[in-house]
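S.K.: Dropping the structure in here first, questions after.
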Amino acid sequence: MRRFKAIGLLLFACFLFITGCGKEEKSFKRKPYTPVHYTEKQKETYKVLVLQLAKEYIEKTRGPITPDQHFEATVEKDGTFTVHVYKDLGESNEGIAWLNVNPKTKKIIDGVH
118 MRRFKAIGLL LFACFLFITG CGKEEKSFKR KPYTPVHYTE KQKETYKVLV
168 LQLAKEYIEK TRGPITPDQH FEATVEKDGT FTVHVYKDLG ESNEGIAWLN
218 VNPKTKKIID GVH
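Listed below in structure tokens is the structure:
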């Protein structure tokens with residue numbers, strides 16, 4: 118009987134140690150995610166800025182822009198813009214680049230799908 122109590126007490130102590138009995142709460146709490154909502158005027162302003170940044174980036178990385186290259190920007194939930202750069206081939210389009218552009222920090226991430 119004494120062995121069972123000792124083994125039970127040992128198992129209980131191990132359980133408390135593993136689960137972290139008396140563990141302190143984290144002082145840092147992550148903010149809940151809230152989507153960014155732009156007004157129509159902000160969207161248009163940021164869209165012009167984002168397209169200009171994307172064109173400059175494409176000129177630096179892939180050479181001069183030709184007349185058959187098109188740029189389309191769409192707003193994401195997190196407030197960034199996804200810019201699709203494609204070449205018009207008539208019946209179909211050839212994708213050149215997908216860029217993620219943050220208009221506030223002016224950072225560009227290439228190759229986002």
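In our numbering, the protein residues as written are 118 to 230.
The C-beta atom is built at its ideal place from N, Cα and C for all residues, glycine as well.
(1) CA-CA distance, CYS131 and PHE145?
(2) Taking 6 Å as the limit between beta carbons, can you name the residues of its chain near PRO152, skipping five residues before and five after?
(3) For the alpha helix (DSSP H) containing THR191, name the first residue and the last one.
(4) May I ask you to list the residues that DSSP assigns as paired with ALA214?
(5) Smallest Cα separation from ASN210: which of ILE135, PHE188, ILE124 and PRO181?
(6) Does DSSP put ILE226 in a helix, a strand or coil?
(7) Just tell me which of LYS122, LEU206 and LEU216 has its CA closest to the CA of ILE173.
(8) Just to confirm, is the Cβ distance from TYR163 to PHE198 under 8 Å?
M.R.: Short version:
(1) As a first step, residue 131 is located in the sequence shown; it is residue number 14 there, counting from the start. As a first step, residue 145 is located in the sequence shown; it is residue number 28 there, counting from the start. Those two C-alpha atoms are separated by around 28 Å.
(2) By one-based count along the sequence shown, residue 152 stands at place 35. Answer for PRO152: LYS194, listed in chain order.
(3) The count along the sequence shown starts at 1 and reaches residue 191 at position 74. First-last for THR191: 186 to 192, but that is the beta strand (DSSP E), not the alpha helix (DSSP H).
(4) Translated into the one-based positions of the sequence shown, residue 214 becomes position 97. VAL202, per the DSSP bridge assignment.
(5) Your numbering for residue 210 matches position 93 in the sequence shown. It is PHE188 whose Cα lies nearest to the Cα of ASN210.
(6) In the sequence shown, the residue the question calls residue 226 occupies position 109. In the structure shown, ILE226 sits in a strand (DSSP, three-state: E or B).
(7) Taking the sequence shown and counting its residues from 1, one reaches residue 173 at position 56. It is Glu, not Ile, that sits at residue 173 in the sequence shown. Here the closest residue by C-alpha is LEU216.
(8) Position 46 of the sequence shown, counted from the first residue, corresponds to residue 163. Position 81 of the sequence shown, counted from the first residue, corresponds to residue 198. Their beta carbons are under 8 Å apart, which means TYR163 touches PHE198 by this criterion.
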